[in-house]
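Everything on this sheet refers to the single structure shown next.
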Amino acid sequence: MYLSNGSAIKTFINKGLISGIIGVNLMEATIENFTNQGTIESTSSNKNAAAIILRTFYTASSVINNFTNEGTIKSKSNGILAEANNKIHTLINKGSIEAELNGISFYDAPDEGSINNKMELGKIILEAGSSIKAGNNGINIDSPSKPVISDAIEVKKGAVVSGGKSGIYIGGGKEINTQITIAGEVSGGAAGIVNEGIIGGSSDNDDKKGGIIISGGSVSSSSGGS
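Following this line, the structure appears as structure tokens:
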């Protein structure tokens, strides 16, 4: 499924199977309400592929206002991949995301001629009974953009995020000014959470409302650390 050139869909519900090198590809497109109750799949192992991908075309961005996964997202590469300047305002996972690379990943591509200077994650909510299982990182935040703006990341009780390397990864030099709340389970091969950047922001005018709150949840690694 490929949307481009200013295409807009108010409500899209998938109850079947969408499969391809990229399952759902947004390039300068908007979906207001997107619900997956079936399966969305990427068959490509290319690191730039994903089951769902949002891309920028020069100054034109792609947006999903509300995305809810109640089914299965699976990929030989990334589950959900969003380039800088594109945004999923609210992402709710009630189903499963299975990816051989990263489960949910945010990246920048400055060599493609786009504006790529603002990374906004929106709100990520992982509901009870949901899972993200990835070969690399469950949630991967690794972009040249600084700071990274996010509304919230919440792992609710009964939700699972796991990665071969880490459950949640924040790359070096990144500032993420959001609160990460963990009431569920976050785990990885090296560590549950790998932070090579700054959580909470460092600028004098930051609200400084960011941080990690573990509220009855667990953060662990298969190597024995956290």
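Per the numbering used here: the sequence shown = residues 869 to 1094. Virtual Cβ for every residue (Gly too), placed ideally from N, Cα, C.
Nearest residue (CA-CA) to residue i, options the options
i            : options                   : result
residue 938  : 1083, 881 and 1054        : 881
residue 874  : 917, 968, 926 and 1045    : 926
residue 1027 : 1055, 877 and 1004        : 1055
residue 1004 : 915, 910, 1045 and 900    : 915
residue 1061 : 991, 1087, 917 and 958    : 1087
residue 1101 : 1020, 1017, 1009 and 1016 : No answer is possible for residue 1101: the residues shown for the chain start at 869 and end at 1094.
residue 967  : 999, 992, 1022 and 987    : 999
residue 879  : 902, 894 and 893          : 902
residue 894  : 1059, 950, 912 and 906    : 950
residue 1029 : 962, 1047 and 975         : 962
residue 997  : 919, 1025 and 990         : 1025
residue 1079 : 1057, 1089 and 1046       : 1046
residue 929  : 955, 1022 and 905         : 955
residue 863  : 1058, 931 and 1083        : Residue 863 falls outside the range modelled here, since the chain spans only 869 to 1094, and no answer is possible.
residue 935  : 1067, 923, 942 and 948    : 948
residue 924  : 945, 871 and 1016         : 871
residue 964  : 907, 1089, 991 and 1065   : 907
residue 888  : 899, 909, 941 and 897     : 909
residue 1032 : 969, 905 and 883          : 969
residue 990  : 972, 943, 1039 and 942    : 972
residue 900  : 957, 995 and 942          : 957
residue 994  : 892, 1023, 974 and 1048   : 1023
Beta-bridge pairing of residue i - partner residues as DSSP gives them
i            : result
residue 991  : 958 and 1020
residue 1047 : 1079
residue 900  : In the DSSP output, where bridge partners are listed per residue, residue 900 has none listed.
residue 946  : 918
residue 1027 : For residue 1027, which the question treats as bridged, DSSP gives no partner whatsoever.
Endpoints, the beta strand (DSSP E) within which residue i is located
i            : result
residue 975  : 972-975
residue 1001 : 999-1002
residue 936  : 931-937
residue 1056 : 1053-1056
residue 1006 : 1005-1009
residue 1063 : 1059-1063
Secondary structure of residue i, DSSP reduced to three states
i            : result
residue 877  : strand
residue 1035 : strand
residue 1088 : strand
residue 913  : coil
residue 890  : coil
residue 870  : strand
residue 969  : coil
residue 982  : For residue 982, the predicted model reports a pLDDT of 47, less than 50, meaning its position is unreliable; a value from the coordinates is still stated below. In this structure, residue 982 counts as coil in the three-state DSSP scheme.
residue 882  : strand
residue 928  : strand
residue 1072 : Because the pLDDT of residue 1072 is 49, which lies under 50, any placement of that residue in the model is unreliable, and the number read from its coordinates should be weighed accordingly. Residue 1072 falls in the coil class under three-state DSSP.
Proximity test, Cβ basis, 8 Å: residue i and chain B
i            : result
residue 1020 : In the displayed structure, chain B is absent; only one protein chain is listed.
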